[in-house]
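These notes are about the structure you will find just below.
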Amino acid sequence: MSRVTILVLSVDEADRLAACLPAALAQADARVVVIDNACEDGTVALCEELGVEVVPVRPRRSYAAAMNAGLAATTGDVLLLNADCVLAPGFLEPARRALAHHGVGSVAPKLLRATGMREEDRLELLDTAGMQLDRRRKNGLVGHGGPATDYTRRAPVFGGDGACVLYRREVLDACAVGAEVFDEDMALWASDADLAWRAQALGWGCTYEPAALAWHLRFYSPSTRAGLSQEHRRLQFTNRLLMLAKNETPGGLLRHAPWILGYEVLALGHVLLRERHLLRGYRDAIGGWPAARRRRRQMRARSARPPFGLLPPR
Numbered sequence: 066m067s068r069v070t071i072l073v074l075s076v077d078e079a080d081r082l083a084a085c086l087p088a089a090l091a092q093a094d095a096r097v098v099v100i101d102n103a104c105e106d107g108t109v110a111l112c113e114e115l116g117v118e119v120v121p122v123r124p125r126r127s128y129a130a131a132m133n134a135g136l137a138a139t140t141g142d143v144l145l146l147n148a149d150c151v152l153a154p155g156f157l158e159p160a161r162r163a164l165a166h167h168g169v170g171s172v173a174p175k176l177l178r179a180t181g182m183r184e185e186d187r188l189e190l191l192d193t194a195g196m197q198l199d200r201r202r203k204n205g206l207v208g209h210g211g212p213a214t215d216y217t218r219r220a221p222v223f224g225g226d227g228a229c230v231l232y233r234r235e236v237l238d239a240c241a242v243g244a245e246v247f248d249e250d251m252a253l254w255a256s257d258a259d260l261a262w263r264a265q266a267l268g269w270g271c272t273y274e275p276a277a278l279a280w281h282l283r284f285y286s287p288s289t290r291a292g293l294s295q296e297h298r299r300l301q302f303t304n305r306l307l308m309l310a311k312n313e314t315p316g317g318l319l320r321h322a323p324w325i326l327g328y329e330v331l332a333l334g335h336v337l338l339r340e341r342h343l344l345r346g347y348r349d350a351i352g353g354w355p356a357a358r359r360r361r362r363q364m365r366a367r368s369a370r371p372p373f374g375l376l377p378p379r
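In the numbering used here, the protein residues as written are 66 to 379.
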């Protein structure tokens, strides 16, 4: 098996990298690379101390743009890793074995929750066993908040959460539109689900591998949405609509129309009654439609199958 690049994005996250990087460096046959997204803390100094390669990004750019810069500077299969994740010893071995199976384009590990970056901060709770896409076209975390003992079997899932997911390089290259693997028009929210959807449409599956274990200090989940700024909630709202515009198929829309339309009606009602600032999200989605349509045309020409949302067995 080829060497894996562990690609870590830092936005002034030296404190978290102090726990994240040693665990990454301990993985067998891996190259660790940090994307320095205009950091002003000790990120670069820590990387120099640990002998970790750095890809500088100046000025500071969005998540999608910074990740694209890192992907362009590396080769081979890639583990996309947040600085707030700590890999368990031997994480890569089962993940790479799962990726080697025919038709598997990515591997979603078993992420457990943590309240901090220290060992004593780790909880016996599941963060996610992959990502699903339901009939409403809402992406979500599988098993989030459940017991850590759930989801013990390898199984297909829709995709891997962007905090920690292993991708075959061939898939990333196939999913790219121009030089962009991650859609820079989406910047941040839903960019991982969008990439997973494109990979599925090209015929590449994602496997959930419970033997690949890591801990994640998650700063956002549906239960903490109320704490997000209005700007970020609007970006979430807009990006989901753009993701649908780019990736939905006519057959899928017809098959699941009652669920999709029902959800959209409820969402509009919620916006009108509770979060009127999200009305701008509709306008932003309409403004992003021309670019989304161009991307859609390019991807549809390559599509091999419609996407699907799967849940692994508990």
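C-beta atoms are modelled at their ideal positions from N, C-alpha and C, and glycine is treated no differently.
Can you check which of these residues, the options, is closest to residue i by C-alpha distance?
i      : options                           : result
TRP262 : GLU313, VAL120 and ALA89          : GLU313
GLN265 : ALA239, PRO154, GLY181 and MET132 : ALA239
ASN147 : ASP250, LEU333, TRP280 and ARG125 : TRP280
GLN197 : GLN92, ARG162, GLY181 and PHE223  : PHE223
ALA131 : ALA252, THR303 and ARG218         : ALA252
ASP94  : TRP269, ALA160 and LEU260         : ALA160
TYR347 : ARG358, THR303, ARG360 and TYR328 : THR303
ARG219 : LEU278, ASP259, ARG187 and ASP199 : LEU278
ARG200 : LEU144, TRP324, MET182 and SER67  : TRP324
LEU176 : ALA110, GLY352, CYS229 and PRO121 : CYS229
GLU105 : ASP77, VAL98 and TYR128           : ASP77
VAL120 : ALA91, PHE156, LEU206 and LEU72   : LEU72
ALA91  : ASP142, GLU158 and GLY352         : GLU158
LEU188 : ILE351, GLY327, PRO174 and GLY210 : GLY210
ASP257 : ALA129, PRO124 and VAL122         : ALA129
List the DSSP bridge partners of residue i.
i      : result
VAL336 : Bridge partners of VAL336: none, in fact.
CYS229 : LEU146
LEU190 : PRO212
ASP101 : SER75 and PRO121
GLU274 : PRO174
GLU245 : VAL242
THR70  : ARG96 and VAL143
VAL222 : CYS271
MET251 : In DSSP, MET251 forms no bridge with anything.
ALA258 : In the DSSP output, where bridge partners are listed per residue, ALA258 has none listed.
In chain order, what residues of the same chain have a beta carbon less than 8 angstroms from the beta carbon of residue i, not counting five sequence neighbours either side?
i      : result
ALA356 : ASP250
ASP215 : LEU191, ALA194, GLY208 and ARG379
PRO87  : LEU115
ASN133 : ALA244, GLU245, VAL246, PHE247 and GLU249
THR140 : THR70 and ARG234
Starting from the C-beta of residue i, find all residues in its chain whose C-beta is less than 6 angstroms away, skip the five residues before and the five after it, and write them out in chain order.
i      : result
THR108 : SER75, ALA79 and ASP101
GLY381 : Past the boundaries of the shown model lies residue 381; the chain is included only from 66 to 379, so the question cannot be answered.
ARG320 : none
ASP226 : THR193 and MET196
TYR285 : none
ASP149 : ARG81 and LEU282
THR180 : ASP186
GLY205 : GLN197
In chain order, what residues of the same chain lie with their CB nearer than 7 angstroms to the CB of residue i, ignoring the 5 residues before and after it?
i      : result
VAL336 : LEU343 and LEU344
ARG126 : ASN102
LEU164 : ASP142, VAL172, LEU231 and ARG233
Taking 7 angstroms as the line, does the beta carbon of residue i fall inside it for any heavy atom of the ligand MN?
i      : result
ALA322 : With respect to the ligand MN, the structure offers nothing, as it holds no ligand at all.
Does the beta carbon of residue i sit closer than 8 angstroms to a beta carbon anywhere in chain D?
i      : result
ARG358 : Among the protein chains of the structure shown there is no chain D, as only one such chain exists.
At a cut of 8 angstroms, does the stretch 217–237 reach the stretch 104–116 through at least three beta carbon pairs?
The stretch 217–237 makes no contact with the stretch 104–116; the number of CB pairs closer than 8 angstroms stays below 3.
Runs of 4 residues minimum, wholly inside the stretch 111–186: which ones carry the alpha helix (DSSP H) assignment?
Runs of the alpha helix (DSSP H) inside the stretch 111–186: 128–137 and 157–164.
Please give the ranges of any alpha helix (DSSP H) in the stretch 283–363, keeping only runs that are unbroken, at least 4 residues long and fully inside the region.
Runs of the alpha helix (DSSP H) inside the stretch 283–363: 295–312, 315–320, 322–338 and 344–352.
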